[in-house]
Structure formats: C-alpha cells, structure tokens
C-alpha cells in the first residue's frame, strides 16, 4: 500500500537516495543522496540550498527523470516521481543549459514546446507572450548562436514556462543575468506564484532566495538538514541587540572598555548574570584588548526567564517581544549609560546556511559528496523545523 | 506523433544549417545532370559527339539494351555505386556523426529527457531522424533519375525511387555504429573514426568473401566438368573396346604397349597433347581425338564453349573411327583414351583437394560475413529490382559477342544474384538491430 497522496503538495519526497558507481567495474561508490525527505506545497516558491556537491542537482535531475534514483518513494504533482506524463505539467530550466545553436529563439520554444506535447496553436500564441515576458521579444527570429549568457538564461526561463506548467523547476535561474534582469526574474517568479504555480528554485544566491522564497530546504552531503519557512528557521535566532556606550572614566570616554566590564552591574537588578569568565594571564584585569576578548561573553537570564548575553557588541536579549526589553533600557538609563541603538535582529538565510554547512566538530565546511565506505553518517538536525 | 514530427523537423533544421548538406545536394544534382549527357548509339555511346564504342562501352549500345536500361545502368554504376554509395555516404556520415554526441552533451540532454517522452522512443526517433540526410539526398537523386530517363528515353518508370529505401538501409547499417560509439564516447570524432574503420572492415571482409566465393564456384565447376569429361572418355573407351571385340573376338581388349603411341605416363593433361593421338591416326581414317582434359585453373564460359565445340567435333570423328574396320586404328584409339583417362584421374584428386580447401575457407568467411551488414549487396539491389531481365539478357549477349562473357566473374555473379533477399537484408538488419539494442540499453539506463 502506497502512502495517501496529499493533493496540496506539489512535491512529496521520501527516502530519495542515489548512489553513483565509479571506477573500474563500479567498485567505488559515492552516495550523492541519502534518504532525502522533502515537501513542497502547491503555490509556493521553494528554495533548495546547499554547498557544491551537496546533491541539489542530482535531486533535481531525479525529479526530471534525467537521473535514475537508487530509491525514491515520492510523488510529484500527485504521480510517482519518474512518471513521464506528469512532466507535461512541469517546466524545467537546467543549469548550464545548451539550446541548439542553429535554432532561433522562437524555434527553440516551438521545438521544446512540441516535445512537451503542446499543440501548435498554443505554441505560436505562447511563444510571443513568453519572449515578451522575459524581455527578448525583439530577438525572436535571431539564432541562439549569437545570444549572450543572460539572453540564453531568459530564453531558458521562457522555455520552462512554455507548457503552462503547474510546477516550475529552475536551476540557477539568475546565473549570468545582470541586476536589472535579476529583479525582472524575481518579479516573474512572484507573478507565477500569484497565478498559483509552484516554483522550485535551486540557487546559490541566498539573498535572492530570501527575497522570494516562502520555504527553503538546506541539503548537505545528500541529506536535508533543515526545511521550513525562513520565519520558522530563524525564529530561535530572533533577538534584540542593545548597543551601549562605555561609561566616562575620569572625564574621558574609554572607547575600548569591554561591555562585560560594566554592563553586568547595570543589569544586576533585573537579571541573574553568570560569572565573569577568566582570561588567560591576568584574570583580574578587565578585558580591554579587543583581540583577546572577541569571544568573551557573559550569559545570564532575566527574571522573566528570557536569556540575555553580554558580549563585545553589547547586550543581546533572546526575544522578539519589545516589552521585555524595556526594563533593561530603564536599568541602563538609571546607571547613566548612553544607549546607542536598540535593534530587533534575526539570522539571515546566509547565517542559517553557513551554520548548516559547517562541521561543528572542526568548524570547517563539510566536504562535498560522501563516499560510501569512508563517510561518517550525518545526523539531521532534529531541532530544525521540518514539516 | 507531435513529438516525433518535432524531432524530424529539428533534424531537418540541423541539416539545413550545415553547409555539407547543401554541398552534397548540389553534387547529387550535378551527378544527375552529368549522367544525362551521354547519348546511346548502336555500338556504345557518344558524349558531345565523341563516340565511345570500344571496350566496355559496346555493352551499352542499343543493340544490347534499351535506352531506358542504358540510363539505368549508368545511374546504377556511377550514380549509386560511386556517388551515393561512397561520396554522399561519407558526407552524410560526417554530417550526422555529431547528432548523438550533441544530444547527450551536458546541458542539452537535460532539456530533452525532462520532456514527457520515453527515452527509448526519443532515442529511436532521433536515430531515425539521422537517416533524413541520406533520404533527402537519395530522394532528389531518384527524382532526377526518373526525369532524365523519362526525357531521354521516353520511358517513365517510377522504380528508381527504390533507391531511397535502398540507400536509407545501406546508410543505416553504418549509422548505427556511429550512434553507438557516439553515445558511449560522447565524441563526434570517435564516432566518425569508428564508423569509417568498421566500414573498411566490412568492405575488406566483403571483398575477400567475394574472391573466395569466386574461387569456390570455379573450382566446383571445374570438378563437375572433369567428371563429365571422365565419363565421356570412359564411354568412348568402352565403345572402342566393344568394336575391337566385334572385329577380333579373341584378341585382347587391352592393347600391348606400343612405343609409337603415347603411354599413359607420358600423357600430359592439356589440350595440345590430347590432340596428338588423333593427329597420328589422321592419315588412316581421322580417328576422333578424346576430349581435352581440364586444366587446373578455373575454366571460363568461353572455354566451356570451346570444350563443347571440341566434344562435338570429337563425336563426329569418333563416329567415323567406330565405323572403321581397322583393328590397329582402334587399338591406337584405345591407348590414347586410356592415357587421357589416366591423366585426368591424376589431376582429379588435386582439384578435389583444392575445392575442399576453398570451400572450407570460404565457409568460414561466409559465416563471418553473414554476421556483418551487406553494404555492397544492398546497393546492388537497385540493379536487381530496377533493371529488367530482358535488358540484362541483352547486356550479357553483347558481353558474349565481345568475348568478355568468358570471365569466371559472370558465373560468380550469377551465383551471387541467387543469394536470397532475406540473407542480404535480413542478416544486415539483424546486425543493425543488435547494435541498436546495445545503444538503446545504454541510453535508457545511463544517468546523464
């Protein structure tokens, strides 16, 4: 018995695995994907992130039947992955795509539209519309051979939309496109979402993904380590950062005074702060040398239960509730300290990504791929939201 | 159907973008036009008033073949065998060698495989689209041939259109190699190199098989002829012995050795020596000469004709000798016949050994050739299907008159023409199917 098909999901992937056999007689094996679990809702823009060699392209190629999976229990638009007919409703822009150079832009759309089984009348109609949409309509009758990389990319996006797809899979859609073009592409994607289409984006440009994606998944060494909306993924990182000017000492400001030297006392009435960590050498001296005290931080808890940290940048309050911050500000003012800024902060997608791709034990980026014989099993981040 | 049509249209667009396609097309038209220039005369042909009526040109004179057949012959020999069979095929191989490497190249294959089209169907359609080049070339050539034959001879015959399927089949036997190697290596150069090497290999095997087959046919015919001659000699000997018995019932039928007549050991197995006994007794009553023993080499049709004439002459002389009443003359004939029989019996085992060896080697090569595509025989199907039997007979008649029909190649050609269609096309298509099956399996299983 297969699992019930959720019609709200454009993609519902379970246990997607792919092992490549390499070397003489396929003796060596590389596990590119190791049981990917992923769900993409209809009508959303979903971003797939991951470092080079993480298995993103392999996953996309499996969806598009370019690669045969070692195992795959998922569905795409309600059909098992690999079901050829369902590809009639899926548009695809491969990374580094190469259109036949002897064709014109119109002929490219006509040819690949016909391969997608789009009727001739629809092809003629949509061809002009799409070339206009991506801004190359005046190049419709020019051969692809003379196109720039950006123009080819725009043509690729038009081609992905030719069959009026329900799901659009775009692999690095803004690759080689200038900033104006990128903005236009983002607008196209937003418009497609408004039309109810699902967009599956694979890109390295985290800032762009952050701007348009409803949900993202981060894939590292063939496994999804985190998945959810950016809001969900960064909820725990939401905080207020309060920057405080150091107190004046003997009439002159001491610009290098470390916050840990004067802020714990200011907060003593509203929080239970931890002890001052010891520095190597002179343990009694306040940390004034920036180089040696960069990592220095004192952790504590407000009496309301909210965690608070004092470090080089000031006070970090682990909440997104502004009312909780007010007593801290009052205490600082009562001490006569000057508050330079109060900012609500949350982690960027880049922070999230970097956290996911770093090996916590070594502090270095994880290597791409994973050899079957030698790679340690990666443990998915169980605390990350996955729905 | 929409997808299949799109792939064929794309194949045409790709060819259309290549200069080689149009160069090839222009040469095809030029060949068609050039072959329309010769005019048939009674004794051969004339080109711009210059008469060519000697040597092989005589074969094409109007006394042998019809005007329509005249053009069919020259279109077949020059247009198909030389131009379409070699020149255009090489250009087609160059033009189409990149089709599969381009299809499976990174960035291109993703665009195609992500379409709602089964891999097998995609691959086979793409393969078939690769045959468009030759199809169009042959189509233009066939239409030109029909036009020229119709205008020059007044006979409108649509059969030259058969060159289209023939050339497509011929080209497909090579194209499958190009496709398989192109798929495995993803290299146009390797695909081209491989197909040229295989083509040369096929040509070498085909030629060697043809030579061995010719030798085999000739050696077997030689044995048959030797047996016939032995039979004739023995019959003659028996008749002389019977006649001697009638004249001298008590005389021994085996004559005593006579130094004046050639002994069996002196007899030489050639026509010159065999006529000696007849010459010796010619002054008595012109006794018949026994049939000349065959030589070791394969005899030709012309020699067979000479043999037949000699046998008739000898029969006449034998009749005269058998009516003579001179016992000595009869004994001389008996001695002559016995020596000839001995000579022929001596070379018979050699011929048998030679034929057995030839048969063995040819059989081995035939088996190897059976597994390969019959490119040459496929091209020759045009002659078999398009040129009428009456025209062939007229052609051969002129060949005989020229004395050129004695070549053993004609016997061999007749035997080759007996090879069934299923063997020529069936085994070739089986080869193609095998190569394609491997290619399809790779294409359907590979991760791109």
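Protein chains in written order, with the numbering used here: chain S, 54 to 440; chain X, 35 to 482. Glycine included, C-beta positions come from ideal geometry on N, C-alpha and C. Here the structure is a predicted model, which is why all the values come from computation and not from measurement.
query	result
Could you name the residues of chain S that residue 150 of chain X contacts, counting a contact when the two beta carbons are closer than 7 Å?	137, 138, 140, 141, 169 and 170
Check the Cβ of residue 141 of chain X against every Cβ in chain S and list those closer than 7 Å, keeping chain order.	147, 149, 150 and 151
Taking the alpha helix (DSSP H) that residue 413 of chain S falls in, what are its first and last residues?	It is not in any alpha helix (DSSP H) - residue 413 of chain S carries neither H nor E in the DSSP assignment.
Short of 7 Å in beta carbon distance, which residues of its chain neighbour residue 70 of chain X, apart from the five on each side in sequence? Order them along the chain.	182 and 186
Give the DSSP bridge partners of residue 94 of chain S, in chain order.	S:62
Under the three-state reduction of DSSP, which class applies to residue 369 of chain S: helix, strand or coil?	strand
So which residues of chain X does residue 36 of chain S contact, with C-beta pairs closer than 8 Å?	Beyond the ends of chain S as shown, which are 54 and 440, falls residue 36 of chain S; an answer cannot be given.
Could you give the DSSP three-state label for residue 199 of chain S: helix, strand or coil?	helix
Does chain S have any CB closer than 7 Å to the CB of residue 48 of chain X?	yes
Looking at the C-beta of residue 204 of chain S, does it have a partner C-beta in chain X at a distance below 7 Å?	no
Examine the Cβ distances between the segment 62-75 of chain S and the segment 88-100 of chain S and report whether three or more of them are shorter than 8 Å.	yes
Using the beta-carbon count (16 or more within 10 Å), is residue 254 of chain S buried or exposed?	buried
Looking at residue 369 of chain S and residue 376 of chain S, is the spacing between their C-beta atoms short of 7 Å?	no
Applying a beta-carbon distance threshold of less than 8 Å, which residues of chain X neighbour residue 120 of chain S?	481 and 482
Check each candidate in X:166, X:260 and X:426 and name the one with the smallest Cα separation from residue 48 of chain X.	X:166
Quick one: which chain X residues come within Cβ less than 7 Å of residue 215 of chain S?	Residues of chain X passing the Cβ test: none, with the nearest at roughly 11 Å.
In terms of residues, what are the limits of the beta strand (DSSP E) holding residue 230 of chain X?	Element bounds for residue 230 of chain X: not the beta strand (DSSP E) but the alpha helix (DSSP H), 222-281.
Ignoring anything shorter than 3 residues or poking outside the segment 266-313 of chain S, list the beta strand (DSSP E) runs there in chain order.	268-273, 276-282 and 292-297
At the 7 Å Cβ level, is residue 316 of chain S part of the contact set with chain X, yes or no?	no
Nearest to residue 239 of chain X by CA position, among X:366, X:348 and X:398, is which residue?	X:398
Mapping the DSSP letters down to three states, classify residue 391 of chain X as helix, strand or coil.	helix
So, for residue 366 of chain S: in the same chain, excluding its five sequence neighbours on each side, which residues have a beta-carbon less than 7 Å away from its beta-carbon?	294 and 296
Apply the 10 Å Cβ neighbour rule to residue 35 of chain X and answer buried if 16 or more other Cβ atoms are within range, or exposed otherwise.	exposed
How big is the Cα-Cα spacing for residue 234 of chain X and residue 253 of chain X?	28 Å
What residues of chain X sit near residue 184 of chain S, judged by a beta carbon separation below 8 Å?	Those do not exist, as residue 184 of chain S stays about 17 Å from chain X at its closest Cβ, beyond 8 Å.
Using only the alpha-carbon positions, how far apart do residue 218 of chain S and residue 193 of chain S sit?	22 Å
Give a yes or no on whether 7 Å exceeds the smallest Cβ distance from residue 69 of chain S to chain X.	no
Where are the alpha helix (DSSP H) runs, 4 residues long or more, that stay fully inside the segment 404-431 of chain X, in chain order?	409-420
What are the residues in the segment 83-116 of chain S lying within 8 Å of chain X by C-beta distance?	114
List, from N- to C-terminal side, the beta strand (DSSP E) runs of 3 residues or more that fit wholly inside the segment 74-145 of chain X.	79-81 and 84-86
Can you tell me where the beta strand (DSSP E) holding residue 324 of chain S begins and where it ends?	324-326
Can you tell me whether residue 117 of chain X is buried or exposed? The criterion is at least 16 other CB atoms within 10 Å of its CB, across all chains shown.	buried
Is the number of C-beta pairs between the segment 215-223 of chain X and the segment 460-479 of chain X that are closer than 8 Å three or more?	yes
Is residue 189 of chain S buried or exposed, if buried means 16 or more other CB atoms sit within 10 Å of its CB?	buried
Run down chain X in chain order and give the residues with a C-beta less than 7 Å from the C-beta of residue 156 of chain S.	47
Is the segment 264-271 of chain X in contact with the segment 360-379 of chain X, if contact means three or more CB pairs nearer than 8 Å?	yes
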